[in-house]
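Here the structure is laid out as structure tokens; the discussion comes afterwards.
Number of protein chains: 2
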Amino acid sequence: MASMAKASNVTSLFLGGVCKEEKTKNVAMAKLGFYSPRNLIKPKRKGLLLIASAKNPHNLDMINGKKVNGIFVGEAPYTGKKSTVLIKEHVPYKQAHAASLVGRFVEDRHVYRQTFIIRSYETGPDKTATMETVMNLLQETALNHVRSSGLAGNGFGATREMSLRKLIWVVTRIHVQVERYSCWGDVVEIDTWVDAAGKNAMRRDWIIRDYNTQEIITRATSTWVIMNHETRRLTKIPEQVRQEVIPFYLNRIAIAEEKNDIGKIDKLTDENAERIRSGLAPRWSDMDANQHVNNVKYIGWILEAFTN
Amino acid sequence: MASMAKASNVTSLFLGGVCKEEKTKNVAMAKLGFYSPRNLIKPKRKGLLLIASAKNPHNLDMINGKKVNGIFVGEAPYTGKKSTVLIKEHVPYKQAHAASLVGRFVEDRHVYRQTFIIRSYETGPDKTATMETVMNLLQETALNHVRSSGLAGNGFGATREMSLRKLIWVVTRIHVQVERYSCWGDVVEIDTWVDAAGKNAMRRDWIIRDYNTQEIITRATSTWVIMNHETRRLTKIPEQVRQEVIPFYLNRIAIAEEKNDIGKIDKLTDENAERIRSGLAPRWSDMDANQHVNNVKYIGWILEAFTN
Chain G
1 MASMAKASNV TSLFLGGVCK EEKTKNVAMA KLGFYSPRNL IKPKRKGLLL IASAKNPHNL
61 DMINGKKVNG IFVGEAPYTG KKSTVLIKEH VPYKQAHAAS LVGRFVEDRH VYRQTFIIRS
121 YETGPDKTAT METVMNLLQE TALNHVRSSG LAGNGFGATR EMSLRKLIWV VTRIHVQVER
181 YSCWGDVVEI DTWVDAAGKN AMRRDWIIRD YNTQEIITRA TSTWVIMNHE TRRLTKIPEQ
241 VRQEVIPFYL NRIAIAEEKN DIGKIDKLTD ENAERIRSGL APRWSDMDAN QHVNNVKYIG
301 WILEAFTN
Chain S
1 MASMAKASNV TSLFLGGVCK EEKTKNVAMA KLGFYSPRNL IKPKRKGLLL IASAKNPHNL
61 DMINGKKVNG IFVGEAPYTG KKSTVLIKEH VPYKQAHAAS LVGRFVEDRH VYRQTFIIRS
121 YETGPDKTAT METVMNLLQE TALNHVRSSG LAGNGFGATR EMSLRKLIWV VTRIHVQVER
181 YSCWGDVVEI DTWVDAAGKN AMRRDWIIRD YNTQEIITRA TSTWVIMNHE TRRLTKIPEQ
241 VRQEVIPFYL NRIAIAEEKN DIGKIDKLTD ENAERIRSGL APRWSDMDAN QHVNNVKYIG
301 WILEAFTN
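These protein sequences, in sequence, are chains G and S. For what it's worth, our numbering labels the leading residue of the first sequence as 1, then goes sequentially. For what it's worth, our numbering labels the leading residue of the second sequence as 1, then goes sequentially.
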């Protein structure tokens, strides 16, 4: 996968020492599309545009002889029991303390919000949060959203109606626009919600704010489709499943359409790739709780191509 | 480094599915000693004992042609300005919220305490927090302790008297005893403090508790000595530096001496190693904010030797 990486305008990602001066970095964007035939990377606007993909989903099961799977394990919301964390204006310390570590629903339960402090080991050589950190936090917020919505969740996050049909959600595209990367100790507030995306997909969006200033520092959107876990084939969203998720939909867009790079990009091959990073194989520590390599690791591998 | 790994009793580390049943895993221990001539790994008691080391500290600067450095970047406490986070019994939500994400001093400022929630991506294939996660949280707590003590901190954490002499702290040994690994969503409370270790070293200890039950689930201790940043030679602690750190010392031991494996272990070589994992090279993403590979990554590489 990583050998498909190609881009020319990536130095802005690796500027060092911006934390103390609170400089703003250039916008960086990362996309992945695991089932798209348009597998390539091309610099666009000011920043970095990345796409990694596997044309044939059946190939995702094996990398270097290890059983892995490049899909993002997210879970669809579910209309089951509610488990909202209620925060009152004044609460005893210990309760507030524990409650503030988890997320909570806001805006009539249509938005899930979680606050994080950036840890030292989540920053890279330039002393700011890495793209992997940003995407891990997006994933964490999405998973907590789903879990708090009442989905106990097998790893693949199927709703009840999906489980009956052996269906799982897979991500086909993630688009992240970073305005500013956080530093060690910064507190960020992440909002996430879901909406319909055409007839047979779901969209999950995120907004990351600086907790203190409430400035929006990152916007992200992703597209999810349904796959049969056994046949590995994409399928339409069954009507029963649609009825399960519709109550959670919120008609709001994190990245305005005119700022959303959805244009087709040239196909990337070993021949036209400007940068190739070989020798990358999944480590045991790359495996997640579902014993597969998720999309965040792919982004990390792709970024490895740009670092020498 | 990782090729030195050797152990026979490691399967307990990779038991899956213990999170829902709240089973207790076997004790696992990890040690590192970067300057010790006793570079080896030997199973002891029920669990895993690991030692990784580089006999010659000068060699730590380069791995595969990249400038790296295997030392743990920790910082010594400093008697400068105080920046304690004060928590009252009842506080408005937003303040409590932000405050609860950072650590605070307890026990007359001798112990620094921070609470963490385990994130999904910090767990491994067995669905529990990985050893790297445990050690990252120990590191994070130690760094926040130092920073909250008033050390602005160059990356190497020298006190003022140390900076004047180009001295930095380096870790020579970390011993971690895990009683139980946490699951996604578990809240842990970490206490850390420092004490003298003989005449020319400092000891940093940690206790990890389950936040809800207050049960101790992990104990850890580490030994720190002083090195000249330019000559890479170890040195005695200058009296002026000792005077800076003594006010922070707390005479308390996380791992009782009779439970602390300090016995000498046979030297490990390529010949007597039972397990060797080759092909591990630092990735760009292995670099920390000091542009070097810290001890936690070494532990990760060592553990890679046991996973096939």
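Beta carbons: idealized from backbone N, C-alpha and C, even for Gly.
Under the three-state DSSP convention, the category residue i falls into
i               : result
N228 of chain S : strand
H175 of chain G : strand
M135 of chain S : helix
D191 of chain S : strand
D108 of chain G : coil
V170 of chain G : strand
W184 of chain S : coil
T141 of chain G : helix
A289 of chain S : coil
P77 of chain S  : Confidence is the limiting factor: at P77 of chain S the pLDDT is only 34, short of 50, which leaves the residue's position unreliable and the question unanswerable from this model.
R147 of chain G : helix
S100 of chain S : helix
S222 of chain S : strand
Terminal residues of the alpha helix (DSSP H) in which residue i lies
i               : result
Q240 of chain G : E239 to V245
Y112 of chain G : Per DSSP, Y112 of chain G belongs to no alpha helix (DSSP H); it is in the beta strand (DSSP E), V111 to I117.
W301 of chain G : N295 to E304
R160 of chain S : R160 to L164
Euclidean distance between Cα positions of residue i and residue j
i               : j               : result
D186 of chain S : K267 of chain G : 44 Å
V293 of chain S : I302 of chain S : 13 Å
V170 of chain S : V225 of chain S : 6 Å
R233 of chain G : R165 of chain G : 13 Å
E230 of chain G : P125 of chain S : 21 Å
Y181 of chain S : I265 of chain S : 26 Å
Y211 of chain G : I276 of chain S : 46 Å
E274 of chain G : E304 of chain G : 14 Å
K260 of chain G : S278 of chain G : Per the sequence shown, the amino acid found at residue 260 of chain G is Asn instead of Lys. C-alpha separation (whole angstroms): 31 Å.
D108 of chain G : E258 of chain S : 56 Å
T213 of chain S : S163 of chain S : 42 Å
G150 of chain G : T159 of chain G : 10 Å
T128 of chain S : M227 of chain S : 36 Å
H110 of chain S : V146 of chain S : 12 Å
H175 of chain S : R203 of chain S : 11 Å
N251 of chain G : A220 of chain G : 15 Å
G103 of chain S : R119 of chain S : 18 Å
H97 of chain S  : D286 of chain G : 32 Å
E215 of chain S : V134 of chain S : 16 Å
Q309 of chain S : A201 of chain S : The structure shown does not extend to residue 309 of chain S, since chain S spans only 1 to 308, so no value can be given for it.
I190 of chain G : N272 of chain S : 51 Å
Q291 of chain S : E179 of chain S : 33 Å
Beta-carbon proximity list for residue i, same chain, < 8 Å, skipping 5 on both sides
i               : result
Q240 of chain S : E161
K199 of chain G : K236 and I237
V106 of chain G : Y112, R113 and D191
For residue j and residue i, believed in contact at Cβ under 8 Å, the rounded distance
i               : j               : result
T218 of chain S : I208 of chain S : 4 Å
I168 of chain G : D205 of chain G : In fact, because the Cβ distance is near 21 Å, the residues do not count as touching under 8 Å.
T192 of chain S : T269 of chain S : With a Cβ gap of about 35 Å, T192 of chain S and T269 of chain S do not count as contacting.
Y313 of chain G : N144 of chain G : For chain G, the structure presents residues 1 to 308; residue 313 of chain G sits outside this window and is missing.
T115 of chain S : S100 of chain S : 7 Å
Q139 of chain G : I255 of chain G : Between I255 of chain G and Q139 of chain G the Cβ distance is about 18 Å, and since that is not below 8 Å, they are no contact.
Contacts around residue i, its chain only, beta-carbon distance under 6 Å, and the 5 residues preceding and following it disregarded
i               : result
N136 of chain G : V296
I117 of chain S : V187
T130 of chain G : G124
C183 of chain S : C19 and T128
Where the beta strand (DSSP E) through residue i begins and ends
i               : result
R209 of chain G : A201 to D210
7 Å CB neighbourhood of residue i in its chain, flanking five on each side removed
i               : result
Y249 of chain S : V194, D195 and A196
E132 of chain S : V296, I299 and G300
W284 of chain G : none
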